[in-house]
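Here is the structure we will look at.
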Amino acid sequence: MINITFPDGQKRQYEKGSTALDIARSISHGLAQKVISAKVNGEVWEATRPIEHDARLQLLTWDDKDGKMTFWHSSAHLMAEALEAIYPGVKFGTGPATESGFYYDVDPGDHVISSDDFPKIEQKMIELARQKNEYVRKPISLEEAVGFFKEKGDEYKLELLEKRKEEAADITLYQQGNFIDLCRGPHVPDTSYIKAVKLTNVAGAYWQGDENRQQMTRVYGISFPKQKELDEYLVMIEEARKRDHRKLGAELELFMFSERVGAGLPIWLPKGNQLRDRLMNFLRQEQEKRGYQLVITPHIGKKDLYVTSGHWEKYGKDSFRPMTTPREGEEFMLKPMNCPHHCEIYAHRPHSYKDLPLRIAEFGTVYRYEQSGELHGLSRVRGFTQDDAHIFCTPEQVKEEFLNVLDLTKVVLSKMGFENFTAQISLRDPETPEKYLGTDEHWNSAESAIIEAVKEVGLKTTTELGEAAFYGPKLDFMVKDALGRSWQLGTIQVDYNLPDRFQLEYIGADNQPHRPVMIHRAPFGSMERFISILIEHTGGKFPLWLAPDQFAVLPISDRFNDYAAGVEKQLGLFDIRGYVDSRSEKIGRKIRDTELKKVPFMLIVGEKEEENQTVSVRRQGEGDVGTMTVSEFAEYFQGQLD
RNA sequence: GCCAGCAUAGCUCAGUUGGCCAGAGCAGCUGAUUUGUAAUCAGCGGGUCGGGGGUUCGAAUCCCUCUGCUGGCUCCA
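Quick note on numbering: the first sequence equals residues 5 to 646 in this note's numbering.
This is the structure in structure tokens:
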């Protein structure tokens with residue numbers, strides 16, 4: 005007999021060699037049907053693997069993240085089996101589960117797999133799933149595994165085995181039906197668990213993530229234990245598609261792109277610019293309260309500036325080529341960063357420790373060469389405006405300034421309706437020191453300053469090694485939008501490197517020169533990226549204070565256009581902005597068009613309203629609110645502002 | 001940049017195996033209508049079928065190339 009400890013601390017005895025599935029059955033039949041895999045002493049096992057010793061056991065179902073991962077990983081194997089059946093000779097790379105489904109990297113040889121082939125692959129998968137083939141775990145020696153894949157002619161698996169050899173890891177094969185794969189597992193008990201599958205897209209992916217190596221075909225999919233769950237997933241995808249900022253941006257006339265102007269260069273239309281301006285004004289006010297000073301620096305700078313800053317060395321090869329003056333042959337670069345300019349502002353005159361911290365802010369537009377395949381709507385562009393600032397302070401002030409910035413960022417994000425955010429601490433990768441500039445001493449104190457400050461405010465964080473910028477560690481804010489998707493927004497970075505390179509100094513209380521520390525920060529990140537996320541988060545229904553038009557007056561007929569114009573003017577006096585829809589259309593039509601434009605308030609005016617000097621108020625997406633006078637509406641409106 | 005795919009009117013899309021002056025709905029314009037909470041009616045205009053080159057008696061349709069876009073990969077100061 006063995007002792008099994010459950011997550012709630014309860015202990016029960018089972019026969020040696022019982023499986024998680026056996027144990028689930030002993031509890032309830034319903035539970036046994038839901039069990040996908042199990043955590044045994046913290047390690048995820050298949051539910052059918054015998055447990056030989058005392059263990060802690062947690063049964064995993066579809067509701068557990070690890071349960072889903074097991075399910076999707078098994079689905080990847082199922083897809084591989086289908087691919088092998090349809091494309092004989094196909095070779096396999098790796099096929100893991102992801103946050104939302106699974107993929108398999110394959111080398112289809114002479115075949116080309118495109119989305120047109122999805123239906124037949126999905127059909128095959130379902131057909132194979134219905135065969136209810138068990139996933140059989142087969143521990144095997146390295147030599148046997150090598151022999152098997154040599155015979156099969158799958159060089160990718162052989163390479164993976166080579167790696168395992170170095171790690172001296174145990175080798176297991178898994179088989180379901182006719183398909184055998186090198187795999188650590190675990191898997192669902194049998195293929196019949198997989199009831200619904202959907203292949204989502206196909207893309208190229210470099211073998212082992214190395215752009216110098218073979219490009220594989222990566223087939224993405226998702227699967228579910230119930231058809232209904234697939235249907236719900238498809239509805240969610242449809243909702244995301246409707247909220248796509250590229251689509252809404254065009255519909256709401258916020259921004260555009262032009263082939264002639266160039267890829268990745270957004271053009272802001274009047275309504276988009278209004279939105280952007282209001283965001284910037286809000287941040288300006290918050291920054292003013294916190295002692296920031298705004299500056300403006302040029303869009304180009306001499307190449308030497310970036311040689312000094314180190315950016316040329318690091319990114320020169322991958323940036324827009326420098327431009328030269330026609331006579332003197334001087335080299336200038338499009339500004340890729342604002343910090344070197346701000347360093348020059350600091351260096352412009354001597355500083356006392358009494359001046360510090362000096363907080364220099366700029367809505368600085370920068371230009372960076374992004375590879376053509378990387379461009380994406382407003383979220384990845386070649387020209388964008390950062391809500392940038394650089395804080396020059398003494399080493400002793402770093403932590404306090406960092407805390408101030410954390411506070412500002414939190415205020416900004418909550419004002420925007422992002423309540424659900426975490427922070428990612430990005431540190432050096434100790435394995436590749438050559439990727440970073442600056443001394444160990446500087447890095448260590450910068451990294452600990454971040455970690456301490458974050459701990460102090462009690463922010464939920466994750467830590468990533470190797471994600472730091474080349475000049476310093478950083479803290480990135482990750483927000484979750486209304487559809488639960490994660491986005492990276494603002495950033496805070498500590499930098500001991502640039503002050504060194506620009507030889508910045510301040511005179512300390514000891515009358516000696518000292519080197520200041522620089523903190524880079526951008527709560528929005530960039531206006532472009534932030535607005536793309538805001539659009540998708542709100543579905544184009546912006547908070548009232550940001551809406552380009554806050555109301556539309558809709559006259560019942562032309563006869564009330566004059567009264568409507570009066571209403572608009574009157575609201576203007578209350579700083580409420582909007583327009584009159586004076587087209588000779590029926591009221592139903594005007595309401596429909598205004599609803600689609602997502603204007604928050606519709607003020608319907610006809611004979612009754614003119615007579616009583618009122619407006620009939622309708623809230624976008626909600627409907628009739630009631631009739632009130634214009635000043636009553638203004639008051640009501642103020643109450644609705646955040 | 002790499003792999004796969006896409007590009008027809010302002011927008012959403014039709015356009016059969018290459019074959020009569022390339023179509024629809026919405027939007028636009030003109031006129032009629034004067035409307036009470038999500039689409040009033042009629043008429044009209046609008047496309048070098050993304051650009052360039054080729055194959056063919058004939059190309060929106062087949063081939064090459066460039067540009068842009070989509071999904072990933074790599075990258076992201």
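Cβ atoms here follow ideal geometry from the backbone N, Cα and C, with glycine treated the same way.
**OP:** Using the Cα positions of lysine 414 and glutamine 135, report the straight-line distance between them to the nearest angstrom.
**Re:** Within the first sequence, the letter at position 410 stands for residue 414. Within the first sequence, the letter at position 131 stands for residue 135. Taking the straight line from one Cα to the other gives about 53 Å.
**OP:** Since I believe lysine 339 is in contact with valine 371 (beta carbons under 8 Å), could you give me their beta-carbon distance rounded to a whole number of angstroms?
**Re:** Reading the first sequence from its first residue, position 367 is the one you call residue 371. Reading the first sequence from its first residue, position 335 is the one you call residue 339. This sequence places tyrosine at residue 371; valine is not what is there. Right, the Cβ-Cβ distance comes to about 7 Å (below 8 Å), so this counts as a contact.
Original post:
Helix, strand or coil for histidine 57 per DSSP?
Top reply: Locating residue 57 in the first sequence gives position 53, counting from the first residue. Assigned with DSSP and collapsed to three states, histidine 57 falls in coil, not helix or strand.
Subject >> Under the three-state DSSP convention, the category aspartate 12 falls into >> reply: For the purposes of this step, residue 12 is taken as residue 8 along the first sequence, with counting starting at 1. It is coil, neither helix nor strand.
Original post:
In three-state terms, what does DSSP make of histidine 355?
Top reply: Position 351 of the first sequence, counted from the start, is the residue given in the question as residue 355. Note: histidine 355 maps to coil in three-state DSSP.
Original post:
Which word fits serine 536, buried or exposed, when buried means at least 16 other C-beta atoms lie within 10 angstroms of its C-beta?
Top reply: In the first sequence, the residue the question calls residue 536 occupies position 532. By the Cβ-count criterion, serine 536 is buried, with 16 or more other Cβ atoms from all chains shown falling within 10 Å of its own Cβ.
Original post:
Are phenylalanine 555 and alanine 351 closer than 7 Å when you measure CB to CB?
Top reply: Sequence index remark: in the first sequence, residue 555 carries index 551 (1-based). Sequence index remark: in the first sequence, residue 351 carries index 347 (1-based). Result no, Cβ atoms of phenylalanine 555 and alanine 351 do not sit closer than 7 Å.
Original post:
Mapping DSSP to helix, strand and coil, what is alanine 551?
Top reply: Position 547 of the first sequence holds residue 551. Of the three classes helix, strand and coil, the one that applies to alanine 551 here is coil, per DSSP.
Original post:
DSSP state of proline 347, grouped into three classes?
Top reply: Sequence index remark: in the first sequence, residue 347 carries index 343 (1-based). Here residue 347 is cysteine; the residue named in the question, proline, does not match the sequence. Looking at cysteine 347 - three-state DSSP - the assignment turns out to be helix.
Original post:
Taking C-alpha atoms, which residue in Glu47, Tyr224 and Ile40 lies nearest to valine 110?
Top reply: Indexing the first sequence from 1 puts residue 110 at position 106. Among Glu47, Tyr224 and Ile40, the Cα nearest to that of valine 110 belongs to Tyr224.
Original post:
Hey, would you say aspartate 4 sits closer than 7 Å to leucine 64, going by beta carbons?
Top reply: As shown, the chain starts at 5 and ends at 646. That puts residue 4 outside it, with no answer to give.
Subject >> Buried versus exposed, by CB contacts within 10 Å (16 or more), proline 92 >> reply: Residue 92 sits at position 88 when you count from the first residue of the first sequence. Exposed, because fewer than 16 other Cβ atoms sit within 10 Å of the Cβ of proline 92.
Original post:
Comparing alpha-carbon positions, which option in Phe546, Ala207, Asp194 and Lys128 lies nearest valine 603?
Top reply: Residue mapping note: residue 603 aligns to position 599 of the first sequence, counting from 1. Of the candidates Phe546, Ala207, Asp194 and Lys128, the one whose C-alpha sits nearest the C-alpha of valine 603 is Phe546.
Original post:
To which residues does DSSP link tyrosine 107 through a beta bridge?
Top reply: Looking up residue 107 in the first sequence gives position 103. For tyrosine 107, the beta-bridge partners assigned by DSSP are Tyr224.
Subject >> Nearest residue (CA-CA) to glycine 99, options Ile90, Ala80 and Gly113 >> reply: Your numbering for residue 99 matches position 95 in the first sequence. The shortest C-alpha separation from glycine 99 is found at Ala80.
Subject >> Whole-angstrom distance between arginine 489 and glycine 189, CA atom to CA atom >> reply: Within the first sequence, numbered from 1, the residue matching residue 189 stands at position 185. Within the first sequence, numbered from 1, the residue matching residue 489 stands at position 485. One C-alpha to the other measures close to 28 Å.
Subject >> Segment limits, alpha helix (DSSP H) that includes methionine 240 >> reply: Position 236 of the first sequence, counted from the first residue, corresponds to residue 240. Under the DSSP assignment, methionine 240 falls in the alpha helix (DSSP H) whose first and last residues are 231–247.
Subject >> Residue range of the unbroken beta strand (DSSP E) whose run includes arginine 623 >> reply: Your numbering for residue 623 matches position 619 in the first sequence. Arginine 623 -> beta strand (DSSP E) spans 618–623.
Subject >> Host beta strand (DSSP E) of tyrosine 440 (start-end) >> reply: Numbered from 1 along the first sequence, position 436 holds the residue referred to as residue 440. Secondary structure note for tyrosine 440: it is in no beta strand (DSSP E), with a DSSP letter that is neither H nor E.
Original post:
Can you name the residues that DSSP bridges to tyrosine 368?
Top reply: Locating residue 368 in the first sequence gives position 364, where the first residue counts as 1. Note on residue identity: the sequence assigns glycine, not tyrosine, to residue 368. Bridge partners of glycine 368: Gln390.
Original post:
So does isoleucine 591 have its beta carbon nearer than 6 Å to some heavy atom of the ligand NAD?
Top reply: The ligand NAD is not part of the structure shown, which contains no ligands of any sort.
Subject >> Range covered by the beta strand (DSSP E) that runs through valine 140 >> reply: Counted from its first residue, the first sequence places residue 140 at position 136. Segment 140–144, the beta strand (DSSP E) holding valine 140.
Original post:
Taking only runs of the beta strand (DSSP E) that begin and end inside the segment 527–590, which ones reach a length of at least 3 residues, in chain order?
Top reply: Qualifying beta strand (DSSP E) stretches, in chain order: 555–559 and 582–584.
Original post:
In its own chain, which residues sit with a C-beta less than 6 Å from the C-beta of glutamate 471, not counting the 5 before and 5 after it?
Top reply: Here residue 471 is taken as the residue at index 467 of the first sequence, counted from 1. Exclusion of the five residues before and after glutamate 471 leaves Ser430 as the residues of its chain whose Cβ lies within less than 6 Å of its Cβ.
Original post:
If you run the structure through DSSP and keep just helix, strand and coil, what is glycine 592?
Top reply: Mapped onto the first sequence, residue 592 falls at position 588. Looking at glycine 592 - three-state DSSP - the assignment turns out to be helix.
**OP:** Give the range of the alpha helix (DSSP H) segment to which serine 313 is assigned.
**Re:** For this step, residue 313 is matched to residue 309 along the first sequence. Serine 313 -> alpha helix (DSSP H) spans 307–313.
Original post:
Are the segment 117–127 and the segment 190–209 touching, with three or more C-beta to C-beta distances below 8 Å?
Top reply: Result yes; three or more Cβ-Cβ pairs closer than 8 Å.
**OP:** Evaluate glutamate 615 with the Cβ neighbour count: other Cβ atoms within 10 Å of its Cβ, from every protein chain shown; 16 or more gives buried, anything less gives exposed.
**Re:** For the purposes of this step, residue 615 is taken as the residue at position 611 of the first sequence. Looking at its Cβ environment, which holds fewer than 16 other Cβ atoms inside 10 Å, glutamate 615 is exposed.
Original post:
Between isoleucine 144 and the rest of its own chain, which residues show a CB-CB distance below 7 Å, the 5 nearest in sequence each way excluded?
Top reply: The residue you call residue 144 lines up with position 140 of the first sequence. Its chain contains Ile175, Thr176 and Leu177 as the residues whose beta carbon lies nearer than 7 Å to that of isoleucine 144, once the 5 sequence neighbours on both sides are disregarded; these appear in chain order.
Subject >> Distance, glycine 253 Cα to phenylalanine 259 Cα >> reply: Position 255 of the first sequence, counted from the start, is the residue given in the question as residue 259. Position 249 of the first sequence, counted from the start, is the residue given in the question as residue 253. Computed Cα separation, rounded: 6 Å.
Original post:
When we look at the beta-carbon of valine 498 and count the other beta-carbons within 10 Å, is it buried (16 or more) or exposed?
Top reply: Your numbering for residue 498 matches position 494 in the first sequence. Buried.
Subject >> Coarse secondary structure for arginine 384, derived from DSSP in three states >> reply: What you label residue 384 is simply residue 380 of the first sequence in a count that begins at 1. The answer is strand: DSSP assigns arginine 384 an E or B state.
**OP:** Below 8 Å on the Cβ atoms is my guess for histidine 191 versus threonine 102; work out the distance and round it to an integer in Å.
**Re:** Against the first sequence, residue 191 aligns to sequence position 187. Against the first sequence, residue 102 aligns to sequence position 98. About 16 Å separates the two Cβ atoms, so there is no contact after all.
Original post:
Across which residues does DSSP place glutamate 335 in a beta bridge pair?
Top reply: In the first sequence, the residue the question calls residue 335 occupies position 331. For glutamate 335, which the question treats as bridged, DSSP gives the partners Thr328.
Original post:
Around the C-beta of lysine 478, are 16 or more other C-beta atoms found within 10 angstroms, so that it is buried, or is it exposed?
Top reply: For the purposes of this step, residue 478 is identified with residue 474 of the first sequence, where counting begins at 1. Buried, since its Cβ has 16 or more Cβ neighbours within 10 Å.
**OP:** Could you pull out every residue in the same chain whose Cβ sits closer than 7 Å to the Cβ of threonine 467, ignoring the five residues on either side in sequence?
**Re:** Numbered from 1 along the first sequence, position 463 holds the residue referred to as residue 467. Excluding residues within five positions, the ones whose Cβ falls inside 7 Å are Ile429 and Leu431.
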